[in-house]
Amino acid sequence: MTVLAQFLNASSVLLPGNTSVQLEIVNEELHKLILEELAPHYENVKAVIIDDYIKTLIMEQLKNDSVEIFRSMDQRGELSPLIKDFYRSSDRNLLGPHKMSRTCRYFIVLPDKLEPMKLTGTDSLRKWIHNGYIQRNERLALSPTGWVLHDELKNSVALRFFASFCPRVGLVVDADDMKIVGFDILNGRETYGVS
30 MTVLAQFLNA SSVLLPGNTS VQLEIVNEEL HKLILEELAP HYENVKAVII
80 DDYIKTLIME QLKNDSVEIF RSMDQRGELS PLIKDFYRSS DRNLLGPHKM
130 SRTCRYFIVL PDKLEPMKLT GTDSLRKWIH NGYIQRNERL ALSPTGWVLH
180 DELKNSVALR FFASFCPRVG LVVDADDMKI VGFDILNGRE TYGVS
């Protein structure tokens, strides 16, 4: 299982509840990448077609074999360190009866304050992020789990990895408990209104 597949399948294995993956198809290279590395892991793959072009692939129900491959890789220590760092807990940080609303603070990561992290096997993940979001000036909103805003976060494998090649990384933080509830890969101009 590639690092791209590990990253996009991880929430289906590590977090409670059923998840689906919806990915916009922006070019043929990205379409091929998703069909080869990600789609084979799902029971149901659907396409949204507009004007005879596939615009979105929707993948549902991670196959049991793929769940077992993921868990086996985890037990053998073969998952990318990116995965275990990004998903530190099974808490999805969702609102609900325990917390009805949230006040958020927004922070832009300063990559020059972090030691860059190069990870092996991440070419397809980087390509997906670059072609699907960075190149198109689109925001990629992700949800890490178990992250809290404190000085030790500068040692995060995931934060250092993404900050090493993404134009701008933003953190969405719950002002009450300082939990990081959002991790945004932004185009080079977005600043959350912070200069």
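Residues in the sequence shown are numbered from 30 upward in steps of one, following our numbering.
The beta carbon of each residue, even a glycine, is placed where N, CA and C say it ideally should be.
These numbers come from a predicted model, not from an experiment.
M146 counts as buried, since no fewer than 16 other beta carbons sit within 10 angstroms of its beta carbon. The beta carbon of F194 is closer than 7 Å to those of R155 in its chain, skipping five residues each way along the sequence. Take A170, set aside five residues on each side of it, and the residues of its chain with a beta-carbon closer than 7 Å to its own are G211 and D213, in chain order.
Beta-bridge annotation (DSSP): Y82 is paired with I79. Look at R117 here: in three-state DSSP terms it is coil, with no helix or strand label.
With contacts defined as CB atoms closer than 8 Å, L91 and H70 qualify as a contacting pair. Here the C-alpha atom of V177 lies approximately 24 Å from the C-alpha atom of N216. Here L108 has Q35 and M102 as same chain residues with Cβ atoms under 7 Å from its own Cβ, once five neighbours each way along the sequence are excluded.
When DSSP states are grouped into helix, strand and coil, G161 belongs to the helix group. By the Cβ neighbour-count rule, S130 is exposed, with fewer than 16 other Cβ atoms within 10 Å of its own. Positions of the beta strand (DSSP E) runs, each at least 3 residues long and wholly inside the stretch 165-192, are given as 169-171 in order along the chain.
Beta-bridge partners assigned by DSSP to R134: V202. Taken through DSSP and simplified to helix, strand or coil, L154 comes out as helix.
When only Cα atoms are considered, T132 and D81 end up about 43 Å apart. Relative to the Cα of L37, the nearest Cα in the group N122, I78, T151 and K84 belongs to T151. The C-beta separation of N160 from L64 comes to about 14 Å, leaving the pair out of contact by the 8 Å criterion. Inclusion of K75 and E53 in the CB contact set at 8 Å is not warranted, their separation being larger than that value.
Counting along the chain, S49 sits inside the beta strand (DSSP E) bounded by residues S49 to E53. In the three-state reduction of the DSSP assignment, L139 falls in the coil class, being assigned neither a helical nor a strand state. In the three-state reduction of the DSSP assignment, N93 falls in the helix class, which pools H, G and I. Taking the Cα positions, R105 is about 34 Å away from R168.
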